[in-house]
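In this text, residue positions in the sequence shown follow our numbering: the first is 116, and each later residue adds one.
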Amino acid sequence: MLSCQNLTVQAGANGPIILDGANARFLPRGLNAVIGPSGCGKTTLMKAILGILPSTGEACLAGQRITCTEDLVGKVGFAPQFTAAQAQLTVAESLEYALELAVPDATERSRRLESVLGVTGMSPHRDKRVSALSGGQLRRLSLGLELTLDPPCMVCDEVTSGLDPQSEDQILALLRNLAETNHKSFVCIIHNLGKLNQFDWVTVVYQGDVVFQGSPDELLGYFGIPDGLRLYEVLNASDLATWRDRWAIHQAEHQDSYDVAVAKVGAPAEVESLPEPSIPDGVSQFTTLLSRRLKLFFRDTGYLSLTLAITFGFPLLVIIFNLDGAWDVRKIPLDRNIASMEEVQQALKMQMSNAQLAGLAAGLVMFQVILLTLMGANNGGREISAERILYEKERMTGLRPWAYAFSKIVFVSLVASFQGVWMCLFVKLICNFPGPWAGQLAILAASCVSMSIVCLGFSAMLTSPEKSSLLSIYLVGFQLPLSGVVLALPAALTWVCRPFINSYWGWSGYMKSMIEQPLYDAYTASMPNQTAYVASTSEGLAVLLVQGLVGFCFVVYGCQQKRWN
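Below, the structure is given as structure tokens:
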């Protein structure tokens, strides 16, 4: 089934070689164990074969070379150490969404759902949240998620690690039952050497190379040990070169060992070609992902509470500065040549009062925009990076990157649009900002949506949610000082910074929407530079659209990349 030749993996361009010219082949049916001391390269070997890690050499499935993980869709399942299921979903929902992403026919999905629940023994727990499952149940669910595509081969990374002996035996019994009744092949990376007698074929990895393959009985004789528990003691007694030489001699003397093992598990002698699976179209996957994300949004009470708190709480911070909603801009007499000193003083007081009102209005508009950019950072900063491993896992079942990227863009845009509209609606009603509703609603919503998508792009480009979230917060931190609204930027920097600053375009677009109002006239009259540029609402929307498109490109590009680590 699976095999590799001269497989080498290097940690970075100048890093150490962690897998060095490994050769291995695994039984097409039955249970294969991959063992070796910690850090020897067991997981690296299997991830390199599956195309998860970049490597040199050759890996094959059923005689066909594996060029990328997409070649394995529907043919090889990969159950990693973590459980690829959302904690807020139930067991049945997790399997249903996995089936909707991978199986196009509704009748077949229903059949497989009941089959997987029955085979894995999870039927009694179908309505239980994933977060409430025990360790053994989580491993069963992880296997069930892989069985949704009914692959003939599955790679299980430490599927029994951390379980009590009874749960471990139950998992291995489940694998044995699937291997015998459904003719499946399992390759299991394990640590418990006391369970080797439950496997048909054992692969020993030592210091980045395969130094033995054979049956459990052959392993005992080869290493001269009474049981598997003594294996590592013997392994560590000699260096890699010694074990490589011994293994080369053994292979030359026992060339039929693999064929005998294949016949013993009842697999055909000749390699059988595997059919190509049928995967749902991208639109179907998009709707499934969006539906799942919306369900998770409303079930994750912590995240939902935070989102609601900032959505409805931030506007309250704005209105406290002008609860009465009064913008009493007074008209200043134009002809002062014949005015008395008292009239001049009165005009100056009116001018100062107007300037204060205009400054308050400009400040509150900027405050709204800054708070909306902060909401945008919260919306997109962790959205993809926090579930990156889950996404990469689902790609191995046929999930299209563009469907995933679009589902995330639409989700954060929906949340951001509501936040922008509510901010404008609430503040405008309480503070009585003059100007047209349509332009002001559009510019504030666009400001929040644009920042959300840009931060979503950071989340797609980075694997660490902490780094992507921190970068998003830094971007928000630059909005006020680099907008040039509160602090004048040097002339040479103004148009270097301004195209990248979301807050300037949101602020200027909102302010310019009031161009026909006395409040805007008071603002321009109070400006130190009467010719300073203030972008129109349409210009602000255009630039925010461009910024959003840049973020869109980041998201799509980031989702195309493989970022397991």
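A virtual CB, placed ideally from N, CA and C, is assigned to each residue, including glycine.
Runs of the beta strand (DSSP E) lying entirely within the segment 558-637 and spanning at least 3 residues: none are present. Taking every protein chain shown into account, the CB of I558 has 16 or more other CB atoms within 10 angstroms, so this residue is buried.
Counting along the chain, F427 sits inside the alpha helix (DSSP H) bounded by residues 416-434.
In the structure shown, Y321 adopts extended strand secondary structure according to DSSP, grouped into three states.
The shortest CA-to-CA distance from L256 to any of D342, K162, N297, L210 is the one to L210. Restricting attention to D242, A607, I545, I164, the CA atom closest to the CA of R140 is found in I164. The C-beta separation of G535 from L487 comes to about 6 Å, placing the pair in contact by the 8 Å criterion. Secondary structure of W679 (DSSP, three-state): coil. M269 is bridged by DSSP to G192, F301. Ranked by how close their Cα comes to the Cα of R244, the residues V274, I435, E208, A217 have E208 in first place. When C-alpha distances from M511 are compared across A603, T609, I394, the shortest belongs to I394.
For Q285, there is no enclosing beta strand (DSSP E); the enclosing alpha helix (DSSP H) covers residues 280-296. Between the segment 512-519 and the segment 541-555 there are fewer than three inter-stretch CB-CB distances shorter than 8 Å, so the stretches are not counted as touching. Three or more beta-carbon pairs drawn from the segment 625-637 and the segment 649-656 are found closer than 8 Å, and the two stretches are therefore classed as touching. Judged by DSSP secondary structure, V149 falls within the beta strand (DSSP E) whose first and last residues are 145-150.
Judged by DSSP secondary structure, S118 falls within the beta strand (DSSP E) whose first and last residues are 117-125. The segment 339-355 makes no contact with the segment 389-406; the number of CB pairs closer than 8 Å stays below 3. Under the DSSP definition of a beta bridge, A174 partners with C119. With respect to C268, K190 sits close: the two C-beta atoms are nearer than 8 Å. Fewer than three Cβ pairs drawn from the segment 326-342 and the segment 293-307 lie within less than 8 Å of each other, which leaves the two stretches out of contact. Contact between L142 and D315 holds, with the beta-carbon distance rounding to 6 Å and staying under 8 Å.
Judged by DSSP secondary structure, R140 falls outside any alpha helix (DSSP H) and instead within the beta strand (DSSP E) spanning 132-140. A distance below 7 Å between beta-carbons, with the five flanking residues on each side excluded, links Q632 to the following residues of its chain, in chain order: P549, G550. The DSSP assignment places 324-329 as complete runs of the beta strand (DSSP E) inside the segment 319-362, in order along the chain (cut-off: 3 residues). R510: member of the alpha helix (DSSP H) spanning 503-510, first to last residue.
If you look at I524, you'll find it in the alpha helix (DSSP H) that goes 516-546. The three-state secondary structure of R254, taken from DSSP, is helix. Assignment of Q662 by DSSP, reduced to helix, strand and coil, places it in the helix class. For W362, the closest of V375, D396, D324, R345 by C-alpha to C-alpha distance is D324.
A Cβ-Cβ distance of about 20 Å is found for the pair A520 and L659, leaving them out of contact under the 8 Å criterion.
Counting every other CB atom within 10 Å of its CB across the protein chains shown gives S587 a total of 16 or more, marking it as buried.
Taken in chain order, the unbroken stretches of alpha helix (DSSP H) that lie wholly in the segment 380-414 and span 4 residues or more are 397-414. Per DSSP, the unbroken alpha helix (DSSP H) holding T159 starts and ends at 157-164. Nearest Cα to D342 within the set T639, K523, V398, L308: L308. Its Cα nearest to that of G621, the residue Q483 stands out among T205, Q483, Q201. For W552, the three-state secondary structure derived from DSSP is helix.
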